[in-house]
Structure formats: C-alpha cells, structure tokens
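Enquirer:
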Amino acid sequence: MADTLTPPQPTLRMHLFDASGGLGYHLRALHHRRTLWAPFIAQVATWLDSWHVPTTHLVIVGPSAGYTLNEGFLQRFDRVTVLEPDPLARFLLRQRFPRIRMDCETLDCLSAGNGPQWLAQCYPDASILFTNVLGQSPALSTLPRWMDELRTALAGHFWASWHDVLSATTPPLADGDRPLEPANTLPELAGRCWRWPTEVCDHDSFGLVGRQEGLALWHLAPGQWQIVEWGTHSP
Ligand SMILES: C[S@@+](CC[C@H](N)C(=O)[O-])C[C@H]1O[C@@H](n2cnc3c(N)ncnc32)[C@H](O)[C@@H]1O
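Just so you know, we're using the working numbering here: the sequence shown kicks off at 853 and counts up by one.
#1: Would you check if there are 3 or more beta carbon pairs closer than 8 angstroms linking the segment 888 to 907 to the segment 958 to 975?
#2: Is Val911 close to ligand 1? I mean its beta-carbon at under 8 angstroms from any heavy atom of the ligand.
#3: With DSSP collapsed to three states, give me the class of Ala854.
#4: Counting C-beta neighbours from all protein chains within 10 Å, is the total for Cys1053 16 or more, i.e. buried, or is it exposed?
#5: Could you tell me the boundaries of the beta strand (DSSP E) in which Asp901 lies?
#6: What's the call for Ala854, buried or exposed, on a 16-neighbour Cβ count within 10 Å?
#7: Using the beta-carbon count (16 or more within 10 Å), is Gln1144 buried or exposed?
#8: Are the Cβ atoms of His878 and Gly987 separated by less than 9 angstroms?
#9: Measure the C-alpha to C-alpha separation of Glu1001 and Trp889 and round it to an integer number of angstroms.
#10: Could you give the residue range of the alpha helix (DSSP H) that holds Glu1040?
#11: For Trp1048, count neighbouring Cβ atoms within 10 angstroms of its own Cβ and tell me buried if that reaches 16, exposed if not.
#12: Shortest alpha-carbon distance to Trp1082 belongs to which of Arg1044, Leu1069, Gly1043?
#13: With 16 other CB atoms within 10 Å as the buried threshold, where does Leu882 fall?
#14: Considering only residues of the segment 943 to 1026, which uninterrupted beta strand (DSSP E) runs meet the minimum length of 3 residues and lie entirely inside it, listed in chain order?
#15: Under three-state DSSP, which class holds Arg931?
#16: Using the Cα positions of Asp977 and His909, report the straight-line distance between them to the nearest angstrom.
#17: Let me check you understand the geometry: is the CB of Thr983 closer than 8 angstroms to at least one non-hydrogen atom of ligand 1?
#18: Quick one: what does DSSP say Pro1049 is sitting in, helix, strand or coil?
#19: Does the contact criterion of 3 or more C-beta pairs under 8 angstroms hold for the segment 1001 to 1011 versus the segment 938 to 958?
#20: Measure the alpha-carbon distance for Pro1090 versus His1015 and round it to whole angstroms.
#21: For the beta strand (DSSP E) that contains Ala1068, what are its first and last residues?
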C-alpha cells in the first residue's frame, strides 16, 4: 500500500438506476424480501452473528437500504460509516435503523484508481464489511490485479464480504433453504449446482477474501439464482 495517497480521492457518483442497485433493487426487495429472499437473509444473519471483530467502528460498503442487515448486528458498533452511492438507499437505510448512528460518506473504494488503498487509509481503525457488492465491481472483472490490491490494502484490517460468485437463470440442484457445502474450486461448485447445458455466469469473485467461511443460495427473483460466498479476514 502507498504510504500516503495523493488527492483527489475517488468519489462515489450518485446513481438511482445502477445495474447492481438503485430503484430496480428496491422494487425487488419490496416484492421478495419476506418470501424468496427470506432463507438467504437468515443465512446472512447467521454469518454476521458469528463475525466477531474487536473494533467499535464499522464501515459498510454497498448496504443499499440494509435489507440483509439487522439491528442487533449494527448495535455492536459505536459508529457505522456507510459508503453507498444510491441516495434513496441511504434515506431508507436511516428509516429502517433510526437508532443506529450512521455517517454516509463519499469515498468510492471500488474505484480502479487506488480505491482499496484509500479505504485502508481513510479508516485505519475500522472493520470493513462488503455487502454483496464485490461480485458486481467492474474493477474486479476488468483489472486482474485489483483483487490482490484489495487484499494487500486491507491486510491489516478486520474485513469480510459476502458476494455473488455464480448466477444462472435456471434453478440449481442445491436445496435453497440450506447452506451449501464448502467448495475448493469454482468448477466443482458450478458442477455441483448446475448441469450442462445451463449457462452459468462467473462473477470472478470466488475465494476473494482468501478464506471461504460459507456458501449460500440466493433466489434473487423468479428466474434468477445466485451462489453467494462469505469470507472473512483477520490481520
Ligand atoms: C446488489 S446490491 C446489494 C445491496 C445490499 N447490500 C444487499 O445485500 O441487499 C449492491 C449495492 O452496492 C451499491 N454500490 C454500487 N457501486 C458501489 C460503490 N462503488 N461503492 C459502494 N456501493 C456501491 C449499489 O448502489 C447497491 O446498493
């Protein structure tokens, strides 16, 4: 990591219609969060429950309106910083968790221009939580070294991520209400969940944190399934 980064720092560009969030995502949440999404949200709660970090400050990247977060988890921290470009999401997030002290800030830590290094430098004492955002990060798929830069930049932090690793438009063979068995490789996981000729999309994010702690199936919408990985890092 660079000792001191030279400004300007990358800044989030407000969006309401982004492919990975925005208005479409809120409508989906409205329709599915208590039904199709319920098993996945319960699984995320279990993951968060078991993630214990010694910091009082948490930075959450891409929470949207916190549909997969819960108050009990957020209450563990004295201070929560939110990095989320969608203004409606930020508004709804505050409505959903009025008792949590949150600061919404503008760093774009997913930027190809030293985003991870800025993240580490701006929040040296915080734990970092990526909430289903890295699997859609353009930098991850277009810049082969970006994942290594992220790991290097955050080596001294407690950090965790759940992120989509595979998606498909046909139902997987796996049982959606149960966590999936750990997988050593992506082809192994894909082969376990789908059979030829299903087209499966690879999000280039398998094993990105370094340590895989869990896998779950998310039935995101009718005709849309994702395999999501949970990984944590301790310095
Ligand atoms: C797939 S949604 C996940 C939302 C939420 N974490 C959840 O699990 O329900 C991805 C979120 O990342 C946000 N996002 C997109 N680009 C981002 C960036 N550069 N920094 C932080 N958040 C970003 C989107 O606005 C969206 O809310």
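For each residue, glycine too, the CB sits at the ideal point set by N, CA and C.
Expert: This is what the structure holds:
#1: no
#2: no
#3: In this predicted model, Ala854 has a pLDDT of only 48, less than 50, meaning its place in the structure is not dependable; the value taken from the coordinates is given anyway. Here Ala854 sits in coil by DSSP.
#4: exposed
#5: Counted as a single uninterrupted DSSP element, the stretch harbouring Asp901 is not any beta strand (DSSP E) but the alpha helix (DSSP H) occupying residues 890 to 901.
#6: Any reading at Ala854 must be qualified, since the residue scores a pLDDT of 48, below 50, and its modelled position is unreliable; the value itself is stated next. Ala854 is exposed by the Cβ-count criterion.
#7: In the structure as shown, the chain starts at 853 and stops at 1087, and residue 1144 therefore has no counterpart that could be examined.
#8: The answer is no: Cβ separation not under 9 angstroms.
#9: 32 angstroms
#10: 1038 to 1045
#11: Classification for Trp1048: exposed.
#12: Leu1069
#13: exposed
#14: 954 to 957, 979 to 983, 1011 to 1020
#15: strand
#16: 7 angstroms
#17: yes
#18: coil
#19: no
#20: Here the chain comprises residues numbered 853 to 1087, so residue 1090 is not present and cannot be evaluated.
#21: 1064 to 1073
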